[in-house]
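Those sequence lines, one after another, are chains P and U.
Going by the numbering used here, the first sequence opens with residue 132, and the numbers climb by one from there.
Going by the numbering used here, the second sequence opens with residue 2, and the numbers climb by one from there.
Take a look at the structure set out below.
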Amino acid sequence: MKFSSKSLSALLFIVTGLLLFQACKPKGTQSAVSGNAASRVYVAPGKYDEFYDFVSGGFSGQMAVYGIPSGRLLRVIPVFSVDPEKGYGYSEETKPMLNTSHGFVPWDDLHHIALSQTDGIQDGRWVFANGNNTPRLARVDLKTFRTAEILEIPNSAGNHSSPFITENSEYVVAGTRFSIPMDNSNGDVAINTYKQNFKGTLSFIAVDKTSGNMSINFQILLPGVDFDLARAGKGKSHGWFFFSCYNSERANTLLEVNASQKDKDFILCVNWKKAEEYLKSGKGKKTPANYAHNNYDEKTHSATSTMMKEVVMLDPKDCPDMVYFMPCPKSPHGCDTDPTGEYIVGSGKLAATIPVFSFTKIQAAIAAKSYDGEYEGIPVLKYESVLYGEVTKPGLGPLHTEFDDKGNAYTSFFVSSEIVKWNIKDLKVLDRVPTYYSVGHLSVAGGPSKKPWGKYMIAYNKITKDRFLPTGPELAQSAQLYDISGEKMKLLLDFPTIGEPHYAEMIPAELISKNSVKIFKIEENANPYAAKGDNFARVERKGNDIHVYATSIRSHFNPDNIEGVKMGDVVYFHITNLEQDWDVPHGFAIKGANNGELLIMPGETQTLKWIPEKPGVYPFYCTDFCSALHQEMQGYIRVSAAGSSVPISFSMGKTTPDSISTKATN
Amino acid sequence: MKKIFSLPVIALSMLLACNNKSDNKTGSSPVDEVVTSSGQEAVKDDESAKDVVKVAMGSKDHTTLVAALKQAELVTSLSNAGPFTVFAPTNAAFDKLPGGTVDGLMKDDKKADLQNILQYHVAVAGYKAENMKDGQVIGMANGDNITLSVKDGKVMVNGIANIIASIPASNGIIHVIDAVLLPPQKK
Numbered sequence: 132m133k134f135s136s137k138s139l140s141a142l143l144f145i146v147t148g149l150l151l152f153q154a155c156k157p158k159g160t161q162s163a164v165s166g167n168a169a170s171r172v173y174v175a176p177g178k179y180d181e182f183y184d185f186v187s188g189g190f191s192g193q194m195a196v197y198g199i200p201s202g203r204l205l206r207v208i209p210v211f212s213v214d215p216e217k218g219y220g221y222s223e224e225t226k227p228m229l230n231t232s233h234g235f236v237p238w239d240d241l242h243h244i245a246l247s248q249t250d251g252i253q254d255g256r257w258v259f260a261n262g263n264n265t266p267r268l269a270r271v272d273l274k275t276f277r278t279a280e281i282l283e284i285p286n287s288a289g290n291h292s293s294p295f296i297t298e299n300s301e302y303v304v305a306g307t308r309f310s311i312p313m314d315n316s317n318g319d320v321a322i323n324t325y326k327q328n329f330k331g332t333l334s335f336i337a338v339d340k341t342s343g344n345m346s347i348n349f350q351i352l353l354p355g356v357d358f359d360l361a362r363a364g365k366g367k368s369h370g371w372f373f374f375s376c377y378n379s380e381r382a383n384t385l386l387e388v389n390a391s392q393k394d395k396d397f398i399l400c401v402n403w404k405k406a407e408e409y410l411k412s413g414k415g416k417k418t419p420a421n422y423a424h425n426n427y428d429e430k431t432h433s434a435t436s437t438m439m440k441e442v443v444m445l446d447p448k449d450c451p452d453m454v455y456f457m458p459c460p461k462s463p464h465g466c467d468t469d470p471t472g473e474y475i476v477g478s479g480k481l482a483a484t485i486p487v488f489s490f491t492k493i494q495a496a497i498a499a500k501s502y503d504g505e506y507e508g509i510p511v512l513k514y515e516s517v518l519y520g521e522v523t524k525p526g527l528g529p530l531h532t533e534f535d536d537k538g539n540a541y542t543s544f545f546v547s548s549e550i551v552k553w554n555i556k557d558l559k560v561l562d563r564v565p566t567y568y569s570v571g572h573l574s575v576a577g578g579p580s581k582k583p584w585g586k587y588m589i590a591y592n593k594i595t596k597d598r599f600l601p602t603g604p605e606l607a608q609s610a611q612l613y614d615i616s617g618e619k620m621k622l623l624l625d626f627p628t629i630g631e632p633h634y635a636e637m638i639p640a641e642l643i644s645k646n647s648v649k650i651f652k653i654e655e656n657a658n659p660y661a662a663k664g665d666n667f668a669r670v671e672r673k674g675n676d677i678h679v680y681a682t683s684i685r686s687h688f689n690p691d692n693i694e695g696v697k698m699g700d701v702v703y704f705h706i707t708n709l710e711q712d713w714d715v716p717h718g719f720a721i722k723g724a725n726n727g728e729l730l731i732m733p734g735e736t737q738t739l740k741w742i743p744e745k746p747g748v749y750p751f752y753c754t755d756f757c758s759a760l761h762q763e764m765q766g767y768i769r770v771s772a773a774g775s776s777v778p779i780s781f782s783m784g785k786t787t788p789d790s791i792s793t794k795a796t797n
Numbered sequence: 002m003k004k005i006f007s008l009p010v011i012a013l014s015m016l017l018a019c020n021n022k023s024d025n026k027t028g029s030s031p032v033d034e035v036v037t038s039s040g041q042e043a044v045k046d047d048e049s050a051k052d053v054v055k056v057a058m059g060s061k062d063h064t065t066l067v068a069a070l071k072q073a074e075l076v077t078s079l080s081n082a083g084p085f086t087v088f089a090p091t092n093a094a095f096d097k098l099p100g101g102t103v104d105g106l107m108k109d110d111k112k113a114d115l116q117n118i119l120q121y122h123v124a125v126a127g128y129k130a131e132n133m134k135d136g137q138v139i140g141m142a143n144g145d146n147i148t149l150s151v152k153d154g155k156v157m158v159n160g161i162a163n164i165i166a167s168i169p170a171s172n173g174i175i176h177v178i179d180a181v182l183l184p185p186q187k188k
């Protein structure tokens, strides 16, 4: 077979034409990435993203904030882990934030995100997050993007079923994954007495409407299953909460096998309005407890930690009609309510179907006492009585479901590594897209609220492998952005994330950006160690404690020459940033410090504790490039021997201070 | 062979045309959008303290200086982090110059001269009046020096300009002066 050059060029012309025709077609289903993906995620330099995306940082203990659709990392907010970059957990002011009943715990495993809501719609005030390891709940203030509050959860271990939120932010919840002997009982029991001695609890944490402050309103004492995930009812189901749980076998070893025995585990339906009635009528039992409640005050720029000594416990035995178990196939994980509040979608990790429960049918089943016996004294609703329908053969390993603004649901499948779009009403599968690889949570913009914004969906993947340039054995985990505005889901972008991204929530940018604080007003600084001007800059000795009240402003510290410190002294550098200009923090670091640096926002005071190790002169400097003379922003502190007679002295700008002696005298 | 060579060109142009079309239609931010960014002077911020440029702009006695800073394209630099010490001649100070001097300097072909003069009024450091010393020499942004004299707590620059007020700004200090400082003549 031979082609003449003429026929070859003719063939090429046809092929090229065909290729062009393909390229101009609205993206073929065969291509993973749609043709205009680049322009859909391109945010021009200087332009803002459309959404903020608050993403759990998993075992980093922090929360990351990305811009969507660009996938640009905007901020890492330190929550449960110390952050040397920002001095969080290193400054004296922030250390109390990480206090617990176990003492200072500098790390946790942050899994889930819950944005505050008003009338079921994201309101942009706060974002809540759970600490999975040492059970804690955090509230981040979205005016400052800083952790404002951390509340430890007693009678809990593995705070995984948290911090899901009700439609007016009345409650965020904390359900224990690992059941344990209760805190006030003798915990020194044989592990194989699990069924007798181990209990689970659900905590309902009230959120103050104005301040956002959290307090445990009540806990519910439950059988020792593993509470996994949860969602509040909304609209017609407001007043109810739904918690998935596995290990109804109550196994205490090799759960991989032993907690997968039964055909069905449960979703627990909690009537929390009923619980409030029981609480009011005195059915709650005050139970001794010991847990930390930590608050950061933006006026004093300081955190306080208070040990709380009691919780109120509701026992379903004393409170009929408060909780019901609803059978759900095969170790349910996700438990998601649709925007109308009518449908509750359970995702059994090992199930071949996705059951969709009807709130209306749940109510009817309760009224008709359509039970299938009891589990540890709690009524079990008959599966057929509460089931709206099942999505059959949707994929393998369903985990989580979110919803768009058009009556569609999106479920992530870990095992088959895909996201499946289906219609809530007729339960028909509409579309499926692969994820790269092994998706865990997924998130639709506004997906858990009454008013999903739709438009974008993000898959948070567990396995990255070859998606990015290799970086050794470990790779950043990947997020994948999809356009869900059309009938078909379209992959737009991969972007790397910090830690392990579990759950995340997107919110329209303007709901938050308009409230963002730029500076702290210096005149409102109520830190007791503030030096609100050069005339307050000083050094004071109180016994063996040296307090340096220093100011920082472009481009110097005042004082910047300090003498009279002796071995055995503990030095506290209280640095007040006098700047009143957006994005001009100053840092503070001193040679040999065994902790970290300070990063002090405009108008703020922060304190670094420093214990000198030997006599000498130690330089300190500003760590954050603040100005043209940042490199000049430095100073010295002199440390003399223990018995030295060098007096305390301090200065700035003096070249021949008369108060400074030239040599140490012993 | 010529025909074959021309094919990729046709293909490329068709492809580009096709892509551009779809971009404009569906792109949330079209790729070909060119954003001409301003400097920090354009940052919207009503909370922070005012920088040296904004302080000057708020003064009715400094309209000539502000106009000159704009003409000399120094607004972006002076909106930066600093720290700056700006000796800010009042309108009256500019009026003391020989007739036509300011108008002449405001012409586009005199921009370099205007920049040189204005930069002679700016030091990159924070010099507070109370710390100024008699005989102190300060290097200015244009590369020349000024000399301070201090008598009875009053500061004079180069023997001709009195500091009549000092105003703190977010990125430095403004010393209001009653005469324009002229850089030394180049030899």
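Virtual Cβ for every residue (Gly too), placed ideally from N, Cα, C.
DSSP, read as helix, strand or coil, puts Trp371/P in strand. In terms of Cβ geometry, Ala720/P and Glu710/P do not form a close pair [threshold 7 Å].
The beta-carbon of Val125/U is placed less than 7 Å from the nearest beta-carbon of chain P.
Here Pro486/P carries a strand assignment [DSSP, helix/strand/coil].
Contact note: Val715/P reaches chain U through Ser49, Ala82, Ser171, Asn172, using a C-beta cutoff of 9 Å and chain order.
CA-CA distance, Ala124/U to Pro750/P, rounds to 27 Å.
Assignment of Thr86/U by DSSP, reduced to helix, strand and coil, places it in the strand class.
For the segment 131-154 of chain U, the beta-carbon criterion of a distance under 8 Å to any beta-carbon of chain P is satisfied by Asn132. The shortest CA-to-CA distance from Leu79/U to any of Asp179/U, Thr148/U, His122/U, Ala180/U is the one to His122/U. Non-local beta-carbon contacts of Tyr128/U in its own chain, meaning distances under 6 Å to residues more than five positions away in sequence, involve Thr86 in chain order. Bridge pairing for Met345/P: Val338/P [DSSP]. Contacts with chain P at 7 Å (Cβ-Cβ) include Asp46/U.
Here Ser433/P is bridged, per DSSP, to Asp428/P. For Val54/U, the enclosing alpha helix (DSSP H) begins and ends at 53-58. Val172/P sits in a helix when the DSSP states are folded into three classes. Selection Trp238/P, Val715/P, Tyr660/P evaluated against Gly192/P yields Trp238/P as nearest (Cα-Cα).
In summary, the residues of the segment 758-789 of chain P whose CB is separated from some CB of chain U by less than 9 Å are Ser758, Ala759, Leu760, His761, Glu763, Gly784, in the order they occur in the chain.
Of the candidates Glu283/P, His424/P, Asp452/P, Cys400/P, the residue whose Cα lies closest to the Cα of Tyr474/P is Cys400/P. The three-state reading of DSSP puts Ala69/U in helix, counting H, G and I together. Selection Pro184/U, Lys187/U, Lys155/U evaluated against Val177/U yields Lys155/U as nearest (Cα-Cα).
Excluding the 5 residues flanking it on each side, Val196/P has same chain C-beta neighbours closer than 8 Å at Tyr183, Asp184, Phe185, Val186, Leu204, Leu205, Arg206, Val207, Ile208, Phe276, in chain order. For Val151/U, same chain residues with a beta-carbon under 7 Å away, outside a window of 5 residues either side, are Met133, Lys134, Asp135 in chain order. Remark: C-beta atoms of Thr91/U and Asp62/U approach each other more closely than 7 Å. If you draw a 10 Å sphere on the C-beta of Gln186/U, you find fewer than 16 other C-beta atoms in it, and that means exposed.
Within chain U, no residue has its CB atom less than 8 Å from the CB of Asp272/P, the nearest being about 16 Å off. At least 7 Å separates the beta-carbon of Lys367/P from that of Gly251/P. Here Asp452/P has Asn402, Lys405, Ile497 as same chain residues with Cβ atoms under 8 Å from its own Cβ, once five neighbours each way along the sequence are excluded.
In this structure, Lys461/P lies near Leu481/P, with their beta-carbon atoms less than 7 Å apart.
Between Asp676/P and the set Met588/P, Thr278/P, Gly695/P, Leu353/P, the nearest pair of CA atoms involves Gly695/P. In the structure shown, the three-state DSSP call for Phe704/P is strand. For Glu473/P, there is no enclosing beta strand (DSSP E), as DSSP gives it neither H nor E.
Per DSSP, Ser686/P is not a residue of any alpha helix (DSSP H), being assigned neither H nor E.
In the DSSP secondary-structure assignment, Ala610/P is bridged to Tyr591/P, Phe626/P. Bridge partners of Ala269/P according to DSSP: Ala260/P, Ile281/P.
With contacts defined by Cβ atoms closer than 7 Å, Ser569/P and Ile594/P form a contacting pair.
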